[in-house]
Each structure stands twice: as C-alpha cells, then as structure tokens.
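Q: Have a look at this one before I ask anything.
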Amino acid sequence: MISISTDLSLKPLKLEDQALLFALMQTVYKTAYQDFWTDQGDWYLDLCYNSENLKKELSRERSHYFFVEHKREIVGILKYDFPFSPREVEIPNAMKLHRLYIDQSVHGTGVAKELIDYVEKIAKENSLDFIWLEAMVEKPQAKKFYEKMGYEWVYTYQLDFERLLPEVRGIQIMKKKL
C-alpha cells in the first residue's frame, strides 16, 4: 500500500484482483463513457480488463497499476508506464499516464489532482523529462482538467474501434514537461 495522503492511497493490482477490477470499471468507466459506444462500452471493457490482458499488463516491468482508495474505499484505478513514448509522436524519456479513472463520487474533491501530483513526483524521482496522456476530444472537462495541471496538446488522431461512435473517435495526446 502506498499512502499519498491521510485519505488517499494506492493498492498495487494483482492478477487475482481481475474480477474486482472488472466490476469497478463496469461502474466507473460506463458512467463516463457508455454513450460513446454502440454497446455501452462492453467490448472495450472486456478488451482492457480481461484476465489475459491484465496478466500481460502486470508482467511488463515498465507498468505500475493500482486501485485508488479514498477513505479506505476503492474508488478508481491508476496506471502509469515508463519509459514509454507514443507511436504517433516522439516524446523522449517519458512516462505515460495510461489510466486514471475515478468514481463520480470523488470528482471535484481533489483526488485526481493528488494522483497527478503523485505521478509527477514518481516521474521526477526517475529522472524523466515528460509525462504524456491521451484524452478523448469529446470529454472537454478532462482536457480542461489536464490543461489546468499544466498539460499541453501535442497531437490529435482518430481511434478506429468499430463499436466506438464515429463522432467521438478523436483522441488527443497531451504532454507536460517536468
């Protein structure tokens, strides 16, 4: 367990946590994104959170994957990978903030900011130059949050997931120099 503050901690994810992870993301992800998908996101959730994919992600040395606990309750996930640069554009000596999903019940409480601050601390401790992430164009509140945290637009491309509605396929790569 990693304590970030009195009320916030990270619990490393393990393969045996897959069912709990899947159930959590059924709620957290679908609340935010189900209207982006023809199947409410079922295909995507299965792709990302099935046992085989979790096993693959946990086996990578560069991956760091956690449950987010707020006041001793699991409210989301955090995953970051380093060193890691996107395929679409070169961002050298960087960390990818791969997944940051938190339950609506803690939106606006400062939890996401504390998590971003923690990730930046880890990146600096590992002498990385940048952190980058991907944010959906059609989620302007996420983009606004990341801009407030110092992230800048780098590149926009289209996801080609068949079940993702065409009008919401835009995704932006954003980065922050440390």
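Residue numbering for the sequence shown is 29 to 206, as defined by this note's numbering. Just so you know, even glycine gets a beta-carbon here, dropped at the ideal spot from N, CA and C.
In whole angstroms, what is the alpha-carbon distance linking Met177 and Ser87?
A: Going by the C-alpha atoms only, they are around 30 Å apart.
Q: Grab me the residues of Ile144's own chain with a C-beta within less than 6 Å of its C-beta, minus the 5 sequence neighbours each way, in chain order.
A: Here the set comprises Met177.
Q: With the cut-off set at 7 Å, would you say Tyr183 and Glu116 are in Cβ contact?
A: The answer is yes: Cβ separation under 7 Å.
Q: Looking at C-alpha atoms only, which residue of Ile102, Gly136, Asn121 and Gly104 is the closest neighbour of Phe110?
A: Ranking Ile102, Gly136, Asn121 and Gly104 by Cα distance to Phe110 puts Asn121 first.
Q: Tell me which residue opens and which closes the alpha helix (DSSP H) that Pro168 is part of.
A: Its alpha helix (DSSP H) spans residues Pro168 to Lys176.
Q: Applying the criterion that 16 or more other CB atoms from any shown protein chain within 10 Å of the CB defines a buried residue, is Glu89 buried or exposed?
A: Glu89 comes out exposed.
Q: Between which two residues does the beta strand (DSSP E) harbouring Met71 extend?
A: The residue you asked about is not Met; residue 71 is Trp in the sequence shown. Unbroken run through Trp71 is the alpha helix (DSSP H), Asp70 to Tyr77; no beta strand (DSSP E).
Q: If we ignore side chains and look at the alpha-carbon of each, how far apart do Trp181 and Lys42 end up?
A: So the two alpha carbons sit approximately 33 Å from each other.
Q: Leaving out the 5 sequence neighbours to the left and right, which residues in its chain are closer than 8 Å to Gly69 when beta-carbon positions are compared?
A: Tyr57, Lys58, Tyr61 and Gln62, listed in sequence order.
Q: How long is the line joining the alpha carbons of Lys167 and Asp35, rounded to whole angstroms?
A: Straight-line Cα distance between these residues: approximately 27 Å.
Q: By alpha-carbon positions, which one of Thr66, Glu162, Ala51 and Ser33 ends up nearest to Phe189?
A: Cα-wise, what sits closest to Phe189 is Thr66.
Q: Between Gly104 and chain B, is any beta-carbon pair separated by less than 7 Å?
A: Among the protein chains of the structure shown there is no chain B, as only one such chain exists.
Q: Name the residue from Gln54, Leu128 and Lys99 whose alpha carbon lies nearest to the alpha carbon of Lys107.
A: Of the candidates Gln54, Leu128 and Lys99, the one whose C-alpha sits nearest the C-alpha of Lys107 is Leu128.
Q: Using the rule of at least 16 other Cβ atoms within 10 Å of the residue's Cβ for burial, across every protein chain shown, is Lys124 buried or exposed?
A: That one is buried.
Q: List the whole-angstrom C-beta distance separating Lys152 from Leu206, where the pair is believed to meet the contact cut-off of C-beta under 8 Å.
A: Rounded, the Cβ-Cβ distance is 6 Å, consistent with contact.
Q: Run through the DSSP bridge pairs and tell me what Val96 is partnered with.
A: Looking at the DSSP assignment, Val96 forms a beta bridge with Leu38 and Gly104.
Q: Which whole-angstrom value is the C-beta distance of Ile130 and Val147, which I expect to be below 8 Å?
A: Contact doesn't hold; Cβ gap of about 13 Å is too wide.
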